[in-house]
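Residue numbers (this note's numbering): 29 to 87.
Okay, here's the thing in structure tokens:
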């Protein structure tokens with residue numbers, strides 16, 4: 029079983045990759061305003077992160 033620190037670091041990595049990828053998609057492809065793209069990217073990454081931890085610990 030992985031250590032708690034490793035799980036948290038992996039979650040942080042996933043969180044940051046999702047923020048960067050979704051921000052670039054929303055801002056560059058969908059041409060949303062920068063502030064809106066950032067807020068949506070953070071919200072999406074929080075939802076995905078929550079689902080990741082729920083799936084990881086409660087299955």
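C-beta: ideal position from N, C-alpha, C; glycine also. Keep in mind it's a predicted model, so treat the numbers as computed, not measured.
Short of 8 angstroms in beta carbon distance, which residues of its chain neighbour residue 35, apart from the five on each side in sequence? Order them along the chain. Here residue 35 refers to the residue found at position 7 of the chain shown. Here the set comprises 84.
Per-residue DSSP class, three states only, for residue 67: Counting from one through the chain shown, the residue named residue 67 turns up at place 39. Three-state DSSP puts residue 67 in a helix.
Since residue 48 and residue 80 should fall inside the 8 angstroms C-beta cutoff, what is the C-beta to C-beta distance between them, to a whole number of angstroms? As a first step, residue 48 must be located in the chain shown, where it is residue number 20. As a first step, residue 80 must be located in the chain shown, where it is residue number 52. Actually they do not touch by this definition, with Cβ atoms about 16 angstroms apart.
Output yes or no for whether 7 angstroms exceeds the beta carbon distance between residue 76 and residue 46. Within the chain shown, numbered from 1, the residue matching residue 76 stands at position 48. Within the chain shown, numbered from 1, the residue matching residue 46 stands at position 18. Against a cut-off of 7 angstroms, the Cβ pair of residue 46 and residue 76 comes out as a contact.
Whole angstroms is fine: what's the gap from residue 56's alpha carbon to residue 82's? By one-based count along the chain shown, residue 56 stands at place 28. By one-based count along the chain shown, residue 82 stands at place 54. When rounded, the separation of the alpha-carbon atoms in residue 56 and residue 82 is 31 angstroms.
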